[in-house]
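In our numbering, the protein residues as written are 5 to 319.
For every residue, glycine included, the Cβ atom is placed at its ideal position computed from N, Cα and C.
Have a look at the structure below before the remarks.
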DNA sequence: GGTAGACCTGGACGC
DNA sequence: GCGTCCAGGTCTACC
C-alpha cells in the first residue's frame with residue numbers, strides 16, 4: 005500500500021527528518037531514502053511504515069495490505085509526525101531579515117519530527133534528561149524491546165500489550181542477536197510493570213518511577229495527554245499541564261511545547277548554554293537568563309530562532 | 001523564590 | 001581491569 009500526502013508549502017521531507025535526533029530513536033530507523041517507523045494501529049495491527057519525500061509532500065508506504073480505516077489512520081498519523089499542515093509563513097517572514105536565519109525558508113526548516121503520540125514524545129523527552137544521547141538511545145530501545153508489540157504480531161486486540169513478553173526471554177537467556185522489531189509500547193504495557201523492572205531491565209535509573217507514573221495515569225484515564233495535541237490552549241496553560249508530569253522540568257517542557265507547535269519557549273540545556281556563550285559571551289559561563297535574553301526579541305518564534313540559528317562555533 | 005544535595009548511568013581518566 | 005570523577009536535568013527539602 006502506497007499513498008502520497010500533500011504538504012503546505014514550503015515543505016522538505018529531509019528538513020523534517022533531520023530536524024532533531026528523534027529519527028535515531030526506536031521505533032524509528034533510517035532507510036536509504038527516508039524513514040521507517042514501526043506503528044501500532046488502533047486495530048492492533050503492527051506494521052512498518054516507510055516515509056519518504058514526494059513531489060509537494062511525502063509518500064507513505066506499508067508492506068501490509070491495510071483496511072480502508074487503517075489507511076486513513078496512518079495518513080493522519082504521518083501528517084502529524086511530519087507536520088504537513090503546519091503554517092510557518094510568519095516565522096519565515098520574520099527570519100528573512102536575519103542573516104543567521106536567512107536559509108530557513110529556502111530549506112523549508114521549522115517543522116520538527118514528532119512521534120505519533122504525545123505519550124511517546126513525553127517519555128522520550130524524559131529519557132533525554134540528565135544523560136548522554138547514547139544513553140537516551142539505549143533506554144528508548146530497551147523500552148521498545150521489553151514492552152512493545154512485535155511487528156509480526158497482528159493477533160492482539162487494541163488494548164492488549166505484546167502477546168509474548170521479552171521479560172520471559174530475559175529470564176530464560178539472552179535476547180537474540182537480531183531482536184524482533186517492535187512498536188513503541190502502549191501506556192498500558194508499561195503500566196503493568198513495576199519500577200524495579202524499569203530500573204533493572206530497561207536501565208532507566210531514577211527516571212523509572214516518572215515513566216511508570218505517567219503510563220499509569222494515562223492507562224487509568226486520569227490523564228488525557230493526547231488531548232493536548234489538538235487543545236487550543238495558550239502556551240502558559242500548556243506549560244502548566246506538562247510541568248505537572250513528574251520528570252518534566254523547564255527544559256523538557258520547552259522541548260515538548262516546540263513539538264506541539266508553541267515556539268515561545270527555548271529548551272535550554274547545557275548545549276544551549278555552550279552555544280549562546282560562544283556566540284555572544286566569548287565562552288564565559290552563563291545561565292538560562294542569557295539564553296532567554298539572546299532570543300527574547302523573537303517573541304513567539306524564539307524557540308525556532310534558537311533551534312535553526314546558524315551558530316558561528318557549533319563544533 | 002532561591003539553593004543545595006540526591007538521583008543514575010556511562011564515559012573518560014588515572015593507576 | 002578496576003576505581004574514581006564528572007556530566008547530564010529534575011525533584012525535594014530547606015532556608
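{"query": "Measuring only the C-alpha atoms, how far is residue 188 from residue 128?", "result": "10 Å"}
{"query": "Taking 8 Å as the cut-off, does the segment 204–217 touch the segment 231–247 (at least 3 CB pairs, one atom from each stretch)?", "result": "no"}
{"query": "Going straight from the alpha carbon of residue 161 to that of residue 191, what length do you get?", "result": "Its pLDDT being 36, under 50, residue 161 is placed unreliably in this model, and the coordinates cannot settle the point."}
{"query": "When the distance is taken between beta carbons, is residue 95 closer than 7 Å to residue 308?", "result": "yes"}
{"query": "Quick check on DSSP: helix, strand or coil for residue 47?", "result": "coil"}
{"query": "Using C-beta distances below 6 Å, list every residue in its chain close to residue 287, excluding the 5 sequence neighbours before and after it, in chain order.", "result": "281"}
{"query": "Enumerate in chain order the residues of its own chain whose CB-to-CB distance from residue 144 is below 7 Å, with the five nearest sequence positions on each side excluded.", "result": "29, 30, 128 and 131"}
{"query": "Taking the runs of the alpha helix (DSSP H) that are 4 residues or longer, which of them lie wholly in the segment 239–312?", "result": "239–247, 254–263, 274–284, 292–299 and 306–311"}
{"query": "In terms of residues, what are the limits of the beta strand (DSSP E) holding residue 62?", "result": "61–66"}
{"query": "In this structure, what does DSSP give as the bridge partners for residue 188?", "result": "According to DSSP, which records beta bridges pairwise, residue 188 is partnered with nothing at all."}
{"query": "By how many angstroms is the C-alpha of residue 137 removed from the C-alpha of residue 267?", "result": "23 Å"}
{"query": "Just grab the DSSP bridge partners of residue 202 for me.", "result": "Its beta-bridge partners do not exist; DSSP assigns none."}
{"query": "Three-state secondary structure (DSSP) at residue 39?", "result": "strand"}
{"query": "May I ask whether a heavy atom of the ligand MN can be found less than 6 Å away from the beta carbon of residue 31?", "result": "As presented, the structure is devoid of all ligands, the ligand MN included, so that no description of it is given."}
{"query": "Please confirm if the segment 81–91 is in contact with the segment 109–121, defined as three or more CB-CB distances below 8 Å between the two stretches.", "result": "yes"}
{"query": "How would you write the range of the alpha helix (DSSP H) that residue 104 sits in, first residue to last?", "result": "It is not in any alpha helix (DSSP H) - residue 104 carries neither H nor E in the DSSP assignment."}
{"query": "What are the boundary residues of the alpha helix (DSSP H) that includes residue 9?", "result": "Run containing residue 9: none in the alpha helix (DSSP H); it sits in the beta strand (DSSP E), 6–10."}
{"query": "CB residue 105 to CB residue 61, shorter than 7 Å?", "result": "no"}
{"query": "Run the CB neighbour count on residue 303, radius 10 Å, all protein chains shown included, and call it buried at 16 or more, exposed below.", "result": "exposed"}
{"query": "From residue 12 to residue 88, what distance separates their C-alpha atoms?", "result": "6 Å"}
{"query": "Given a threshold of 16 other Cβ atoms within 10 Å of its Cβ, counted over all protein chains shown, does residue 315 qualify as buried or as exposed?", "result": "exposed"}
{"query": "Exposed or buried, what is residue 41 when buried is set at 16 or more other beta-carbons lying within 10 Å of its beta-carbon?", "result": "buried"}
{"query": "Taking the alpha-carbon positions, what's the residue 168 to residue 5 distance?", "result": "Confidence at residue 168 is low in this model, with a pLDDT of 44, below 50, so its placement is unreliable and the value that follows should be read with caution. Their backbone Cα atoms lie some 28 Å apart in a straight line."}
{"query": "Assign residue 273 to buried or exposed, taking buried as 16 or more other Cβ atoms, counted over all protein chains shown, within 10 Å of its Cβ.", "result": "buried"}
{"query": "Among all the DSSP beta bridges, which residues are the ones paired with residue 57?", "result": "62"}
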